[in-house]
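Numbering (the UniProt record's numbering), first residue to last: 1 to 213.
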Amino acid sequence: MHPSGSLVTVIFFFQACGALASNRNLIIKLNHGGSLEGIELKTETGRSFLGIPYAKAPVGELRFKSPVPYPGWEGQRSATEDGSSCTQAFALLADEGNEDCLFLNVYTPPLENITNSGLSVMVWYHGGAWFAGSNNHLFYGPEYILDHDIILITVNYRLGALGFLSSETLDCPGNFGLKDQVEALRWVKEHISSFGGNPNDVTIFGESAGGAS
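Structure (structure tokens):
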């Protein structure tokens, strides 16, 4: 009976150690000192980090202004759920979204597939005629991309009047949605190496309005 009990103890120990190691692989420390905890993907082999803020919420004095970089956070932040989509009104749907919407999602292959030189990075901008859409993982996930050892990033940006209204003055010059896209690229440049990506090997692509951006 004693050898059997010892075997169970040893197996439990190794299982626990494996779980701890796996959890550590899902925690990413960013340059500003804060960290993110993601989740292991179930349908694809890899990791996802969802709802990462790349700019301050464009509300109040920041509404109709260029995006301001997100300052970071202290401690560990959960990155297991999508951030809000941007405010939009679509004829076939009820009004939805939130002004606090400048979030991006990061999808990476398994940790063991990441090389010392860093993986190629692809940044996706969704379509929707600049007045609808989002980066929600249910619409734009990492299928097929992660099979090629590429890091995928999908980005929310301001839409409709909040993203593109212009008074042709300095108070409201317009194209804030496009400026959000540029700010997201700045975030990628600064932080993607923490996920195993190469900041000097970034390709942007998109569909419809996202491709035209």
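Just so you know, even glycine gets a beta-carbon here, dropped at the ideal spot from N, CA and C. Keep in mind that this is a model prediction, so the values were computed, not measured.
Span separating the alpha-carbon of Ala21 from that of Gly60: Numbered from 1 along the sequence shown, position 21 holds the residue referred to as residue 21. Numbered from 1 along the sequence shown, position 60 holds the residue referred to as residue 60. Residue placement at Ala21 cannot be trusted, given a pLDDT of 43 that sits under 50; what the coordinates show is reported in the next sentence. For the pair Ala21 and Gly60, the Cα-to-Cα distance works out to about 43 Å.
Cross-strand partners of Pro53 (DSSP beta bridge): Your numbering for residue 53 matches position 53 in the sequence shown. Its beta-bridge partners are Phe103.
Host beta strand (DSSP E) of Thr37 (start-end): Counted from its first residue, the sequence shown places residue 37 at position 37. According to the sequence provided, residue 37 is Glu. The question's Thr does not apply to it. Per DSSP, Glu37 belongs to the beta strand (DSSP E) from Ser35 to Glu37.
Residues near Phe205 in its chain [Cβ-Cβ closer than 8 Å; skip 5 each side]: The count along the sequence shown starts at 1 and reaches residue 205 at position 205. These residues qualify, in order along the chain: Met122, Val123, Trp124, Tyr125 and Gly211.
For Arg186, three-class secondary structure by DSSP: Residue numbering aside, residue 186 sits at position 186 when the sequence shown is read from its first letter. Three-state DSSP puts Arg186 in a helix.
Gly163 - containing alpha helix (DSSP H), residue span: Taking the sequence shown and counting its residues from 1, one reaches residue 163 at position 163. Start and end: Gly160 to Phe164.
Minimum C-alpha distance to Ser85 - residue among Asn31, Leu50 and Ser194: Locating residue 85 in the sequence shown gives position 85, where the first residue counts as 1. Closest option to Ser85, Cα to Cα, is Leu50.
Beta carbon of Ala79 nearer than 8 Å to that of Ile52: Taking the sequence shown and counting its residues from 1, the one referred to as residue 79 is at position 79. Taking the sequence shown and counting its residues from 1, the one referred to as residue 52 is at position 52. Yes, Cβ-Cβ distance for Ala79 and Ile52 is below 8 Å.
Whether Ile153 touches Val188 by CB criterion (8 Å): As a working mapping, residue 153 is identified with position 153 in the sequence shown. As a working mapping, residue 188 is identified with position 188 in the sequence shown. Yes, these two residues count as a Cβ contact at 8 Å.
Cα-Cα separation between Leu159 and Gly133, rounded to whole angstroms: Translated into positions along the sequence shown, residue 159 becomes position 159. Translated into positions along the sequence shown, residue 133 becomes position 133. Cα-Cα distance, rounded: 8 Å.
Pick from Pro142, Gly197, Gly127 and Tyr157 that is closest to Asn116, judged by C-alpha positions: Taking the first residue of the sequence shown as 1, we reach residue 116 at position 116. Measuring from the Cα of Asn116, the nearest candidate turns out to be Gly197.
Alpha-carbon to alpha-carbon, Pro69 and Glu183: Start at 1 with the first residue of the sequence shown, and residue 183 comes out as number 183. Start at 1 with the first residue of the sequence shown, and residue 69 comes out as number 69. Glu183 and Pro69: Cα-Cα distance of roughly 7 Å.
Cα-Cα separation between Tyr144 and Pro109, rounded to whole angstroms: The residue given as residue 144 occupies position 144 in the sequence shown. The residue given as residue 109 occupies position 109 in the sequence shown. C-alpha separation (whole angstroms): 11 Å.
Gly206 - containing beta strand (DSSP E), residue span: One-based indexing of the sequence shown puts residue 206 at position 206. Gly206 -> beta strand (DSSP E) spans Gly197 to Gly206.
Among His191, Pro67 and Leu162, nearest to Ser35 - alpha-carbon criterion: The residue given as residue 35 occupies position 35 in the sequence shown. Per the Cα distances, His191.
First through last residue of the alpha helix (DSSP H) which encompasses Ala209: Numbered from 1 along the sequence shown, position 209 holds the residue referred to as residue 209. It spans Ala209 to Ala212 - the alpha helix (DSSP H) in which Ala209 sits, taken as one unbroken run.
Chain-order list of residues whose beta-carbon lies under 6 Å from that of Gly83 (same chain, five-residue window excluded): The sequence position of residue 83 within the sequence shown is 83, counting from 1. Annotation for Gly83: Gly51 and Phe103 place their beta carbon closer than 6 Å to its own, counting only its chain and skipping 5 residues before and after.
Residues sharing a beta bridge with Trp124, DSSP: Reading the sequence shown from its first residue, position 124 is the one you call residue 124. Note: Trp124 sits in a beta bridge opposite Thr154 and Phe205.
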